[in-house]
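The structure appears below as structure tokens.
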Amino acid sequence: MTRDEIVSKFREYVRTNLTPTESERSLVSKVYSAFCLLFHDNCLQIGSYARFTAIRPIHDLDILYVVGNWDENNHRPETALKSLLSLINAQFKNPTAYTIKTSLQTHSITVTFNQGNTEILSVDIVPAFILSKNEFGDDVYKVPEIVRIRHGKGRSEYYKSLALKGAEPGWIASDPRGYIRIAQQINQINEDFRKVVKFIKAWKYSCEAKNPNFKIKSFHIEQLVIAQFNETPHADIFDGIFKFFLRLPEKIEVAQIPDRADPSTFIDEYVNQLTRGQKELIVKARDGFLKKLEEFTPNQAVSSLLEAYFYQRANYSEQYLFDFSVPTFLDDHYAFEIMGEVQERKGFRKSILEKAGIIPIDRKIKFMIKGKHPQIDYFKWKVKNDDTSPEPRGEITDHHTRNDPENTKYKGNHFVECYALLNNVCVAKARQVVILKYPF
9 MTRDEIVSKF REYVRTNLTP TESERSLVSK VYSAFCLLFH DNCLQIGSYA
59 RFTAIRPIHD LDILYVVGNW DENNHRPETA LKSLLSLINA QFKNPTAYTI
109 KTSLQTHSIT VTFNQGNTEI LSVDIVPAFI LSKNEFGDDV YKVPEIVRIR
159 HGKGRSEYYK SLALKGAEPG WIASDPRGYI RIAQQINQIN EDFRKVVKFI
209 KAWKYSCEAK NPNFKIKSFH IEQLVIAQFN ETPHADIFDG IFKFFLRLPE
259 KIEVAQIPDR ADPSTFIDEY VNQLTRGQKE LIVKARDGFL KKLEEFTPNQ
309 AVSSLLEAYF YQRANYSEQY LFDFSVPTFL DDHYAFEIMG EVQERKGFRK
359 SILEKAGIIP IDRKIKFMIK GKHPQIDYFK WKVKNDDTSP EPRGEITDHH
409 TRNDPENTKY KGNHFVECYA LLNNVCVAKA RQVVILKYPF
């Protein structure tokens with residue numbers, strides 16, 4: 009597919025399948041406005057929805073309730089939260105047709121909107137104390153460390169673990185307004201920013217659903233994409249996605265993104281606790297995505313790219329074009345064919361491989377471009393032996409195959425691929441299947 013075709017398909021998919029629906033946006037807006045009215049605007053919506061990077065379905069909403077200024081010696085929010093709970097129970101005007109249920113935790117209030125036994129939306133109201141100002145002149149807060157934990161079950165389990173220990177959540181500095189401001193600024197320059205984040209989040213959730221040991225956080229993904237768009241503000245959705253996956257392995261090796269509110273800590277600190285196996289699982293999922301992207305065709309649905317695929321390379325020598333940061337945008341204008349010339353040997357004449365490519369082992373084959381060469385910069389070649397053979401191979405080399413001619417040693421289904429590169433983009437490719445059997 010051409011770049012324009014892929015970019016168009018990706019944007020349309022995000023718009024129609026991942027972006028919150030009008031009814032979801034209306035619900036969040038009504039609920040948040042109702043809480044702001046009750047709290048006299050001493051509240052702030054935080055999280056991905058406020059940064060335009062939420063994907064559907066939306067089930068959770070986080071609100072900071074600004075209690076007052078931070079006092080190192082007096083920051084227990086219990087009294088304020090109990091008073092707030094009483095206020096909600098007595099005066100909150102439910103803007104929806106759903107029934108609501110409230111509950112008080114040690115450092116938050118949860119309000120759920122329900123339809124029968126089904127929870128439609130859960131709102132966590134967390135106390136915040138004003139600590140300082142950021143470079144935009146916006147408030148920076150002290151908040152309970154529970155805001156680092158995903159909404160819902162994760163927080164419930166965290167509260168239970170604290171109760172067993174007889175402990176309370178600690179307090180951390182947080183700059184949600186700063187993160188919102190930066191996301192807004194980038195999105196004003198290039199709306200593909202939020203589309204890229206949504207696309208990658210959908211991939212993440214698919215991987216989590218298939219393997220619970222897949223561990224990468226949504227906020228981490230978003231900050232990595234922000235860094236990319238700060239480097240290249242006008243990148244399109246394909247470039248944003250492609251660059252993210254190219255860089256992902258190095259980004260999960262060690263924590264490297266300082267927290268805006270406290271540069272001595274890192275928002276990606278969790279990667280330092282990931283096991284080698286968990287990191288390898290992320291890389292396998294990344295390889296699986298990029299492999300599918302490299303092979304993506306016009307008749308495939310974009311959703312197929314987001315289906316979790318943990319790809320295990322056959323061996324360390326197996327390579328793909330994405331290993332060289334080469335994207336694939338096929339253009340019929342550059343189409344070509346390759347052929348395998350079976351070399352002469354005693355008792356056998358020189359011949360050209362058929363498409364099926366069935367020949368005996370212990371021969372030599374020279375691979376070349378058939379006919380006129382397209383006007384490109386150069387060719388790359390890949391030889392891939394059967395995965396069951398002693399040498400699966402899979403290396404990619406410039407101008408010709410690694411061995412020229414190639415030796416036919418192992419039985420099985422093999423192939424040779426050739427890629428035409430123009431401006432570091434694969435614009436055409438061709439394949440020759442080689443099926444080797446023992447001598448006839």
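Each number in the working numbering comes from the position in the sequence shown (counting from 1) with 8 added on.
Ideal Cβ placement from N, Cα and C applies to all residues, glycine included.
Check                                                                                                       : Outcome
Reduced DSSP secondary structure (H/G/I, E/B, other) of Tyr-342                                             : helix
Inter-residue spacing [alpha-carbon to alpha-carbon] between Lys-380 and Pro-400                            : 31 Å
Cβ shell of Val-36 (< 7 Å), same chain only, five flanking positions each side left out                     : Tyr-57, Ile-66, Leu-69
Ser-130 - DSSP class collapsed to helix/strand/coil                                                         : strand
Alpha-carbon spacing of Lys-417 relative to Ile-373, whole angstroms                                        : 11 Å
Which listed residue (Gly-248, Lys-223, Phe-60, Glu-80) has its alpha carbon closest to that of Asn-280     : Lys-223
Val-391 - partner residues in DSSP beta bridges                                                             : Val-424
Cβ-Cβ distance between Leu-139 and Leu-112 below 8 Å                                                        : no
Per DSSP, cross-strand counterpart(s) of Gly-348                                                            : Phe-375
Integer-rounded CB distance, given that Phe-47 should sit under 8 Å from Tyr-73                             : 6 Å
Cβ distance (whole Å) where Glu-349 is taken to contact Lys-358 below 8 Å                                   : 7 Å
Counted within 10 angstroms of its Cβ, other Cβ atoms place Arg-284 as buried (16 or more) or exposed       : exposed
According to DSSP, residues forming a beta bridge with Tyr-21                                               : Beta-bridge pairing links Tyr-21 to no other residue.
Cβ neighbour criterion (16 or more within 10 Å) applied to Gly-124                                          : exposed
Completely contained alpha helix (DSSP H) runs for the segment 76-123, where each covers 4 or more residues : 86-99
Proximity test, Gly-76 beta-carbon vs the ligand NAP heavy atom, cut-off 7 Å                                : Questions concerning the ligand NAP fall outside what the structure shown contains, since it holds no ligand whatsoever.
Backbone secondary structure at Gly-402 - three-state DSSP                                                  : strand
Counted within 10 angstroms of its Cβ, other Cβ atoms place Asn-221 as buried (16 or more) or exposed       : exposed
Alpha carbon of Ala-105 to alpha carbon of Gln-320, nearest angstrom                                        : 49 Å
Three-state secondary structure assigned by DSSP to Ser-492                                                 : Given that the chain is displayed from residue 9 to residue 448, the structure contains no residue 492 and the question cannot be resolved.
Helix, strand or coil at Pro-257 [DSSP, three-state]                                                        : helix
Opposing strand residues paired with Cys-51 [DSSP bridges]                                                  : Tyr-73
Under 8 Å between C-beta atoms of Ala-243 and Leu-314                                                       : no
Residue from Val-310, Val-334, Ala-343 with nearest C-alpha to Arg-19                                       : Val-310
Arg-7 vs Leu-26 beta-carbon contact at 8 Å                                                                  : No answer is possible for residue 7: the residues shown for the chain start at 9 and end at 448.
Endpoints, alpha helix (DSSP H) assigned at Gln-440                                                         : Here Gln-440 belongs to no alpha helix (DSSP H); instead the beta strand (DSSP E) covers 433-445.
For Ala-136, the three-state DSSP class (helix, strand or coil)                                             : strand
Beta-carbon proximity of Lys-212 to Ser-226, cut-off 8 Å                                                    : yes
Pairwise C-alpha distance: Ile-188 and Asp-406                                                              : 46 Å
Where Pro-152 falls, given that 16 or more other Cβ within 10 Å makes a residue buried                      : buried
Arg-33 in three-state terms, based on DSSP                                                                  : helix
DSSP-derived helix/strand/coil call for Ser-359                                                             : strand
Between the CA atoms of Gln-236 and Asn-198 - distance to the nearest angstrom                              : 12 Å
Per-residue DSSP class, three states only, for Tyr-317                                                      : coil
Alpha carbon of Leu-89 to alpha carbon of Tyr-149, nearest angstrom                                         : 17 Å
With 16 other Cβ atoms within 10 Å as the buried cut-off, status of Ala-343                                 : exposed
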